[in-house]
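Peer 1:
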Amino acid sequence: MLKRFTALALMAAGLFYLSPANACTNVLVTKNASVDGSTLLSYAADSHDLYGELYYWPAAKHEPGSMLKVYEWDTGKYLGEIDQVPSTYTVIGNMNEHQLTIAETTYGGRKELRDPEGIIDYGSLIYITLQRAKTAREAIKTMGELVDKYGYYSSGESFSIADANEVWVMELIGKGPNNKGAVWVAVQIPDGYVSAHANQARITTFPLNDKENCIYSEDVISFAREQGYFDGKNKNFNFSDAYAPLDFGAVRFCDARVWSAFNIMNPAEMGGFEDYAKGESLKRMPLYIKPDRKISHRDVMNIMRDHYEGTALDMTKDAGAGPFAKPYRFRPLTWEVEGEKYFNERAIATQQTGFSFVAQMRNWLPNHIGGILWFGVDDAASSVYMPMYCGMTDVPNCLKNGNGDLLTYSPTSAFWAFTYVSNQAYGRYSYMIEDIKKVQTELEDKLTASAVAIDQAAKSLYDQNPDLAREFLTDFSMNQAELVVAKWRELGNFLLVKYNDGNLHEEKDGEFLRNEHGNPAHAKFPGYSPEYYQTIVKDAGDHLKLKELPTK
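Each number in the numbering used here comes from the position in the sequence shown (counting from 1) with 234 added on.
#1: Please report whether the beta-carbon of Ala490 lies at a distance below 8 Å from any beta-carbon of chain C.
#2: How many angstroms separate the CA atom of Pro630 from the CA atom of Asn713?
#3: Using 8 Å as the threshold, is the C-beta distance between Trp722 and Ala615 below it?
#4: Roughly how many angstroms lie between the CA atoms of Arg539 and Arg491, to the nearest whole one?
#5: Is the segment 459 to 476 touching the segment 553 to 563, taking contact as three or more C-beta pairs under 8 Å?
#6: So who's on the other strand from Trp608, going by DSSP bridges?
#7: Let me know if Val686 comes out buried or exposed under the rule of 16 or more other beta-carbons within 10 Å of its beta-carbon.
#8: Just to confirm the assignment, what range does the alpha helix (DSSP H) spanning Thr769 have?
#9: Excluding sequence positions up to five away, which residues of its chain have a Cβ less than 8 Å from the Cβ of Leu783?
#10: Can you name the start and end residues of the alpha helix (DSSP H) that Asn536 belongs to?
#11: Measure the Cβ-Cβ separation of Gly605 and Gln333 and say whether it is below 8 Å.
#12: Would you report the Cα separation of Gly744 and Glu724, rounded to the nearest angstrom?
#13: What does the Cβ neighbour count give for Thr439, buried or exposed, with the cut at 16 atoms within 10 Å?
#14: Whole angstroms is fine: what's the gap from Gly638's alpha carbon to Ser644's?
#15: Between the alpha carbons of Ser763 and Ala757, how many angstroms are there, rounded?
#16: For a test of the three-state rule: what should DSSP assign to Trp402, helix, strand or coil?
#17: With DSSP as the reference, identify every bridge partner of Lys575, one or two as the case may be.
#18: Give the DSSP-derived three-state secondary structure of Trp307 in the structure shown.
#19: Let me know if Thr785 comes out buried or exposed under the rule of 16 or more other beta-carbons within 10 Å of its beta-carbon.
#20: Can Gly327 and Leu274 be called in contact, C-beta distance under 8 Å?
#21: Taking contact to mean 3 or more Cβ pairs, one atom from each stretch, closer than 8 Å, check whether the segment 421 to 433 and the segment 391 to 411 are in contact.
#22: Under the rule that 16 or more other beta-carbon atoms within 10 Å means buried, what is Leu730, buried or exposed?
#23: Once the 5 residues before and after Ala243 are set aside, which same chain residues still bring their CB inside 6 Å of it?
#24: Note down the Cα distance separating Glu570 from Lys528, rounded to an integer number of angstroms.
#25: DSSP state of Thr363, grouped into three classes?
#26: Drop a sphere of 10 angstroms on the beta-carbon of Tyr312, count the other beta-carbons inside from all chains shown, and report buried for 16 or more, exposed for fewer.
#27: Kindly give me the distance between the Cβ atoms of Ile362 and Ile395, rounded to whole angstroms, as I take these residues to be in contact under 8 Å.
#28: Once DSSP output is grouped into helix, strand and coil, what is the label at Asn447?
#29: Which two residues bound the contiguous beta strand (DSSP E) that contains Phe393?
#30: Return yes when the Cβ of Asn443 is within less than 8 Å of the Cβ of Lys265, no when it is not.
#31: Provide the residue span of the alpha helix (DSSP H) that contains Gln434, from first to last.
#32: Just to confirm before moving on: does the CB-CB distance between Lys409 and Leu347 stay below 8 Å?
#33: According to the Cβ coordinates, are Ile316 and Ile360 closer than 8 Å?
#34: Report the CB separation of Val428 from Val263 in whole angstroms; it is logged as a contact under 8 Å.
#35: On a CA-only basis, which of Tyr386, Leu717, Ala432, Val454 is nearest Lys469? Give me that one, please.
#36: Residues in its own chain within less than 6 Å of Pro700 by CB, not counting five upstream and five downstream?
As structure tokens, this is what we get:
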């Protein structure tokens with residue numbers, strides 16, 4: 235009992251050292267765990283400083299001796315230059331034309347292992363690798379070689395790496411100043427299983443003699459010994475314990491999101507880990523689990539919209555949710571009242587998301603058709619995932635890099651259309667989210683159905699003329715994105731009218747009701763929930779109670 239109490243106390247002691255950059259979530263689904271045999275990989279790029287746009291690099295040939303300038307993804311800081319390769323592949327967002335997809339979450343880990351002289355940061359590592367590798371295994375090899383040759387600039391990182399056949403988790407961290415390279419381990423998720431990570435290293439012990447399913451840097455254990463992070467037998471080496479020891483924040487803010495994702499896919503198996511998610515136990519979850527049903531791309535989209543609803547961490551139930559059950563808490567993440575330290579929950583869906591996606595990779599189709607990056611901007615809970623085929627040769631203007639930024643409003647930008655809706659919803663969440671979900675579901679139903687037909691048409695065209703098929707896919711994805719954004723602008727205006735000034739203007743099928751004289755029907759006053767009125771009474775006491783005037 236004393237050992238458990240001491241461990242929990244140490245976890246709690248680390249609560250207020252959680253980096254505010256730790257903010258992303260990945261869900262991974264293998265072929266035989268999915269409904270249709272796809273591999274699936276999701277990512278939410280959650281940063282208060284990140285704009286929602288779809289990156290694009292066309293395939294290219296490069297002259298011998300060419301160099302590539304590297305800029306840190308987070309800040310734009312110039313880090314140096316590296317040798318360019320003779321040819322590179324087309325990249326749409328985080329997926330390339332071979333259906334290879336790479337995503338990440340930052341776990342930070344031991345601060346002393348960051349190398350300020352490294353040239354490759356975690357973002358550049360992703361996007362450079364996507365331009366150079368065709369498969370998940372090639373990507374792991376490329377990533378290891380890049381950081382060994384040029385040095386790794388960032389802190390500890392978990393990467394999701396998937397192609398149309400395999401799904402891997404790779405965890406990597408640098409070796410500190412004046413020690414170029416990184417230590418890392420990559421584990422293949424067994425077919426039929428699902429995994430997730432969310433800003434805490436998830437790989438613990440791993441097989442040392444299974445090169446088919448586990449690949450690692452040759453010094454991943456010996457370096458930990460040299461640094462004094464590990465002194466046991468090799469078979470007992472635990473990557474997370476050595477390079478990213480748990481604290482309370484790592485569990486409650488990070489692994490709790492993994493628990494919630496797993497809980498959606500197999501609640502029976504996750505019941506025993508609720509105490510861990512709450513930061514009250516050290517019984518860690520496995521790296522992967524078997525879901526209790528086959529998982530679709532729509533299921534993963536809904537996981538990315540989770541706020542712990544229906545669990546012990548449900549964010550709609552306490553006073554912080556306000557009068558309209560808002561599952562959001564504006565930053566800072568931790569705060570203090572009268573000398574006591576407190577925190578807010580950190581759910582999968584969050585207001586600071588720049589963009590998110592669900593990548594769908596299908597090995598029974600040509601690569602240019604098989605890979606779909608279902609892409610959304612801003613808060614995933616109030617966004618729409620639009621199909622971007624990896625065979626595209628351009629990206630929609632509404633998602634294009636440079637169409638506005640976080641400090642520059644653009645009327646043609648998807649990000650600003652979606653943030654217009656989400657920021658309205660935060661004020662009247664319990665009401666507005668129902669209107670949003672209705673349109674969201676209608677659009678994603680249509681997009682999913684359309685993609686089925688587009689797959690078939692594109693395949694027939696591809697068999698005759700691959701270039702023409704790519705033009706066809708490009709036109710489809712670009713047109714659908716613009717139509718979705720136009721619909722979302724309409725939704726934003728509709729919400730503004732419907733809930734103007736705290737009132738509720740009734741409507742039917744999107745048309746606002748008028749009286750028999752043609753004027754607006756009388757507005758309704760919905761007020762607050764009974765629970766919130768009780769909170770007001772508890773706080774205000776007799777101050778707001780209706781009373782009789784005193785008699786003379």
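A virtual CB, placed ideally from N, CA and C, is assigned to each residue, including glycine.
Peer 2: To lay it out plainly:
#1: Annotation note: the requested chain C is absent from the structure, which comprises a single protein chain.
#2: If you number the sequence shown from 1, residue 630 lands on position 396. If you number the sequence shown from 1, residue 713 lands on position 479. Using only the alpha carbons, I get a separation of about 8 Å.
#3: Counting from one through the sequence shown, the residue named residue 722 turns up at place 488. Counting from one through the sequence shown, the residue named residue 615 turns up at place 381. Taking 8 Å as the Cβ cut-off, Trp722 and Ala615 do not qualify as a contacting pair.
#4: As a first step, residue 539 is located in the sequence shown; it is residue number 305 there, counting from the start. As a first step, residue 491 is located in the sequence shown; it is residue number 257 there, counting from the start. Distance between the alpha carbons of Arg539 and Arg491: 11 Å.
#5: no
#6: Translated into positions along the sequence shown, residue 608 becomes position 374. Answer by DSSP bridge pairing, in chain order: Val592, Pro621.
#7: Taking the first residue of the sequence shown as 1, we reach residue 686 at position 452. Val686 comes out exposed.
#8: Translated into the one-based positions of the sequence shown, residue 769 becomes position 535. Looking at the DSSP string, the run of the alpha helix (DSSP H) that includes Thr769 is 764 to 774.
#9: Stepping through the sequence shown from its first residue, residue 783 is reached at position 549. Hits under 8 Å: none found.
#10: In the sequence shown, the residue the question calls residue 536 occupies position 302. From DSSP, the alpha helix (DSSP H) with Asn536 extends over 531 to 537.
#11: In the sequence shown, counting from the first residue as 1, residue 605 sits at position 371. In the sequence shown, counting from the first residue as 1, residue 333 sits at position 99. Pairing Gly605 with Gln333 gives a Cβ-Cβ distance under 8 Å.
#12: For this step, residue 744 is matched to residue 510 along the sequence shown. For this step, residue 724 is matched to residue 490 along the sequence shown. Spanning the two alpha carbons is a distance of roughly 10 Å.
#13: Position 205 of the sequence shown, counting from 1, holds the residue named residue 439. Burial call: exposed.
#14: In the sequence shown, residue 638 corresponds to position 404, counting from 1. In the sequence shown, residue 644 corresponds to position 410, counting from 1. Straight-line Cα distance between these residues: approximately 5 Å.
#15: The sequence position of residue 763 within the sequence shown is 529, counting from 1. The sequence position of residue 757 within the sequence shown is 523, counting from 1. Each residue's alpha carbon lies about 18 Å from the other.
#16: What you label residue 402 is simply residue 168 of the sequence shown in a count that begins at 1. Of the three classes helix, strand and coil, the one that applies to Trp402 here is strand, per DSSP.
#17: For the purposes of this step, residue 575 is taken as the residue at position 341 of the sequence shown. BP columns for Lys575 point to Glu570.
#18: Position 73 of the sequence shown holds residue 307. Trp307 falls in the coil class under three-state DSSP.
#19: Counting from one through the sequence shown, the residue named residue 785 turns up at place 551. Thr785 should be labelled exposed.
#20: Position 93 of the sequence shown holds residue 327. Position 40 of the sequence shown holds residue 274. No, they are not a contact pair.
#21: yes
#22: Mapped onto the sequence shown, residue 730 falls at position 496. It counts as exposed.
#23: Numbered from 1 along the sequence shown, position 9 holds the residue referred to as residue 243. Annotation note: pLDDT 39 at Ala243 (below 50); position unreliable, no value reported.
#24: Here the question's residue 570 lines up with position 336 in the sequence shown. Here the question's residue 528 lines up with position 294 in the sequence shown. Going by the C-alpha atoms only, they are around 44 Å apart.
#25: Sequence index remark: in the sequence shown, residue 363 carries index 129 (1-based). Note: Thr363 maps to helix in three-state DSSP.
#26: Here residue 312 corresponds to residue number 78 of the sequence shown, with the count starting at 1. Tyr312 comes out exposed.
#27: The residue you call residue 362 lines up with position 128 of the sequence shown. The residue you call residue 395 lines up with position 161 of the sequence shown. Wrong, their Cβ atoms sit about 14 Å apart, outside the cutoff.
#28: Taking the first residue of the sequence shown as 1, we reach residue 447 at position 213. Residue state, collapsed to three classes: coil.
#29: Position 159 of the sequence shown holds residue 393. Unbroken beta strand (DSSP E) run through Phe393: 390 to 396.
#30: Walking along the sequence shown from the start, residue 265 turns up at place 31. Walking along the sequence shown from the start, residue 443 turns up at place 209. Against a cut-off of 8 Å, the Cβ pair of Asn443 and Lys265 comes out as no contact.
#31: Taking the first residue of the sequence shown as 1, we reach residue 434 at position 200. Counting along the chain, Gln434 falls outside any alpha helix (DSSP H), and DSSP gives it neither H nor E.
#32: Residue mapping note: residue 409 aligns to position 175 of the sequence shown, counting from 1. Residue mapping note: residue 347 aligns to position 113 of the sequence shown, counting from 1. Yes, these two residues count as a Cβ contact at 8 Å.
#33: The residue labelled residue 316 in the question sits at position 82 within the sequence shown. The residue labelled residue 360 in the question sits at position 126 within the sequence shown. No, the Cβ-Cβ distance between Ile316 and Ile360 is not below 8 Å.
#34: Residue numbering aside, residue 428 sits at position 194 when the sequence shown is read from its first letter. Residue numbering aside, residue 263 sits at position 29 when the sequence shown is read from its first letter. Rounded, the Cβ-Cβ distance is 5 Å, consistent with contact.
#35: Counting from one through the sequence shown, the residue named residue 469 turns up at place 235. If we check each option's Cα against that of Lys469, Val454 comes out closest.
#36: Here the question's residue 700 lines up with position 466 in the sequence shown. Same-chain partners within the cutoff: there are none.
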